[in-house]
Ligand SMILES: NC(=O)c1ccc[n+]([C@@H]2O[C@H](COP(=O)([O-])OP(=O)(O)OC[C@H]3O[C@@H](n4cnc5c(N)ncnc54)[C@H](O)[C@@H]3O)[C@@H](O)[C@H]2O)c1
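Residue numbers (UniProt numbering): 1 to 388.
#1: For residue 182, which residues in the same chain have their Cβ closer than 7 Å to its Cβ, ignoring the five residues on either side in sequence?
#2: Among all the DSSP beta bridges, which residues are the ones paired with residue 378?
#3: Does the Cβ of residue 367 have 16 or more other Cβ atoms within 10 Å, making it buried, or fewer, making it exposed?
#4: Measuring only from the beta carbon, is residue 324 closer than 7 Å to any heavy atom that is part of ligand 1?
#5: Measuring CB atoms only, is the stretch 228 to 242 touching the stretch 330 to 341, in the sense that at least three cross pairs come out at less than 8 Å?
#6: Just to confirm before moving on: does the CB-CB distance between residue 141 and residue 98 stay below 8 Å?
#7: Give the DSSP bridge partners of residue 373, in chain order.
#8: For residue 405, does the count of other Cβ atoms within 10 angstroms reach 16, so buried, or fall short, so exposed?
#9: Looking at residue 123 and residue 179, is the spacing between their C-beta atoms short of 8 Å?
#10: For a test of the three-state rule: what should DSSP assign to residue 349, helix, strand or coil?
#11: Under the assumption that residue 319 contacts residue 274 (Cβ atoms under 8 Å), give the Cβ distance between them as a whole number of angstroms.
#12: Determine the burial state of residue 369: buried for a count of at least 16 other Cβ atoms within 10 Å of its Cβ, exposed for fewer.
#13: Given a cut-off of 8 Å on the beta-carbon distance, is the pair residue 194 and residue 186 in contact?
#14: Report the option in 308, 314, 235, 233 whose CA atom is closest to the CA atom of residue 272.
#15: Would a C-beta distance cut-off of 8 Å place residue 192 and residue 119 closer than the cut-off?
Laid out in structure tokens, this is it:
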């Protein structure tokens with residue numbers, strides 16, 4: 001009986017550099033939470049997709065997806081270990097996510113790693129902010145959620161208990177982002193705790209649906225206060241911490257084309273909206289729309305001032321996402337907003353509204369080295385709504 005040749009698969013050559021060089025270069029940075037080098041993959045089950053003569057780092061000739069076994073402590077069955085993937089991706093650890101799906105906790109692609117990063121998410125108690133918090137925690141980041149709600153939703157608490165299996169942590173801070181003192185105090189406390197801040201996502205926001213003719217100055221100002229001033233205060237507090245603590249932070253970078261690309265000081269992602277680009281059809285919310293247009297301008301301005309410190313500033317412009325913010329508007333309509341919902345769905349190229357979980361990936365991208373050369377950009381994720 002022929003047996004499958006026993007091959008000691010080499011570790012991924014990227015393993016030695018799985019800690020991004022920009023992070024290793026920072027002498028004052030805590031690298032204790034960086035993932036260990038990739039472990040070797042065990043031998044695939046018969047029929048073997050690789051032979052002793054195959055290059056172990058290339059795909060099998062027909063590039064078919066095959067089942068590889070993940071080394072574990074030996075308590076799981078082969079069926080549980082089987083993962084459909086193009087070989088030979090090194091996977092050596094798995095964990096369960098909030099919705100029960102299996103997810104990888106190690107880097108498929110180091111460029112998109114957020115492991116060990118310290119990231120603040122405003123509005124992180126629910127909605128879009130929470131979806132992003134969840135993705136970052138699953139990626140092994142140390143996430144601090146800042147929100148007005150006195151306490152977060154049960155799913156948040158559940159995620160806190162799951163965080164250690166991703167090597168991440170999750171902390172909740174009740175905070176009004178329009179309070180300069182509270183923002184400065186909380187953000188400097190987070191920076192002191194970790195001696196760094198790597199990223200900020202500004203998802204806290206409010207929406208008031210009021211016709212322009214009856215829009216009170218108080219409501220209009222409140223919308224601008226939260227959506228624009230609050231966002232600005234958080235960006236400013238984070239930038240001050242990064243610039244003060246970052247070894248490169250105090251002096252503007254002078255780089256030449258011969259020098260290696262400068263390491264990233266921090267990444268900031270502001271949440272604008274497609275409403276910053278267009279006026280939503282039959283939806284009176286001039287204060288909100290003005291605030292989201294302001295975010296587009298704020299993003300460009302901050303990016304232009306802070307690029308010299310390695311701080312990247314980008315924004316995201318989602319289309320309609322079914323969160324509390326949108327549901328509240330739908331619920332006010334006759335028939336639970338079914339007609340409005342149908343109209344909105346017809347207004348974009350995919351014919352549907354988004355789920356908040358569809359913005360997990362962009363959060364990881366924006367907070368990782370994968371977006372290292374992106375600043376002052378607006379990521380429009382609106383199913384083509386504004387392109388028609
Ligand atoms: N849902 C959409 O269709 C949509 C579309 C485009 C853009 N956005 C933007 O995405 C962001 C998140 O929206 P969402 O849909 O998740 O809404 P949401 O209402 O579910 O979440 C917003 C969060 O911000 C928090 N918040 C509000 N005011 C705050 C304050 N002063 N200080 C601290 N936290 C505060 C709320 O408590 C809430 O947890 C907002 O900026 C929103 O404008 C949403």
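Note that CB positions come from ideal geometry on N, CA and C, so glycine has one too.
Note that the coordinates shown come from a computational prediction; the quantities given were computed from them, not determined experimentally.
Considering the structure as presented:
#1: Correct list, in chain order: 175, 176.
#2: According to DSSP, residue 378 bridges with 315.
#3: With at least 16 other beta carbons inside 10 angstroms of its own, residue 367 counts as buried.
#4: Yes - ligand 1 has a heavy atom lying nearer than 7 Å to the Cβ of residue 324.
#5: With the cut-off at 8 Å, the stretch 228 to 242 and the stretch 330 to 341 do not touch.
#6: For residue 141 and residue 98, no; Cβs fall outside 8 Å.
#7: Beta-bridge analysis with DSSP links residue 373 to no other residue.
#8: This structure does not reach residue 405, given that the chain is present from 1 up to 388, and the question cannot be answered.
#9: No.
#10: Three-state DSSP puts residue 349 in coil, outside helix and strand.
#11: Between residue 319 and residue 274, the beta carbon gap of about 5 Å places them in contact (Cβ cut-off 8 Å).
#12: Residue 369 is buried by the Cβ-count criterion.
#13: By the CB criterion at 8 Å, residue 194 and residue 186 fall outside the cutoff.
#14: In this structure, 314 is the residue among 308, 314, 235, 233 with its C-alpha nearest to the C-alpha of residue 272.
#15: Using a Cβ distance threshold of 8 Å, residue 192 and residue 119 do not count as a contacting pair.
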